[in-house]
Amino acid sequence: MRKGYLLLETRPDQPGIVSVSTQDGAPQLDRSGLRFAARFDDIDAAPMHLHECLRRHLNTLEPRSYAVDLVEAVAAADAVELDHRRVYIEPALAECDRLDDRINSLHRRHRRFDQLMHAIGLFALLFLLLWGLAPL
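Just add 40 to the spot in the sequence shown (first one is 1) and you have the working numbering.
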């Protein structure tokens, strides 16, 4: 597992498009277009988790970009269930109540999915135990 930074950027000539990139070193926080940066303990898995949430909005594969609202993209990145720390967020986004609501909503969705998978696993285990105890 490599540590690194996940960056979300926008460009004025591409409205409604959020570009996603990763880098090993600390990002320059004053660079134009940077909207969100987070340090992940597993930078190889972080873009995959982000893509899982934003896959229906994929615009281009290389360089990775999504046709999605910036608030939705930042919420998806911040709600990734991997160890991470927010390094930078655009000040206007930091004050957005909609962002916090969306992050909490995504965390709830992840918890519900985990609970469903645990229930399916327990059901399968119970089925296997009963199958093994059944007389041939």
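Think of the CB as a built atom: it goes at the ideal place given N, C-alpha and C, for glycine as much as any other residue.
Treat the numbers as computed from the prediction; the structure is a model and nothing was measured.
Using a C-beta cut-off of 8 Å, the stretch 106 to 113 makes contact with the stretch 89 to 98, since at least three inter-stretch Cβ pairs fall below that distance.
Beyond the five residues adjoining it in sequence on each side, I160 comes within less than 8 Å, by CB distance, of no other residue in the same chain. Your pair Y45 and A77 checks out as a contact, with CB atoms roughly 6 Å apart and the cut at 8 Å. Per DSSP, reduced to three states, the secondary structure at Q155 is helical. Per the C-alpha coordinates, the member of T50, L166, D82, L122 positioned closest to S105 is T50. DSSP, read as helix, strand or coil, puts V120 in coil. The continuous alpha helix (DSSP H) containing P87 extends over residues 86 to 94. Look at S72 here: in three-state DSSP terms it is coil, with no helix or strand label. The C-alpha of P52 is placed about 12 Å away from the C-alpha of S59. Only residues of its own chain outside the window of five on either side were considered, and among them A86, H89, L90 have a CB closer than 7 Å to the CB of V120, listed in chain order.
Rounded to whole angstroms, the separation of the alpha carbons of H147 and F153 is 10 Å.
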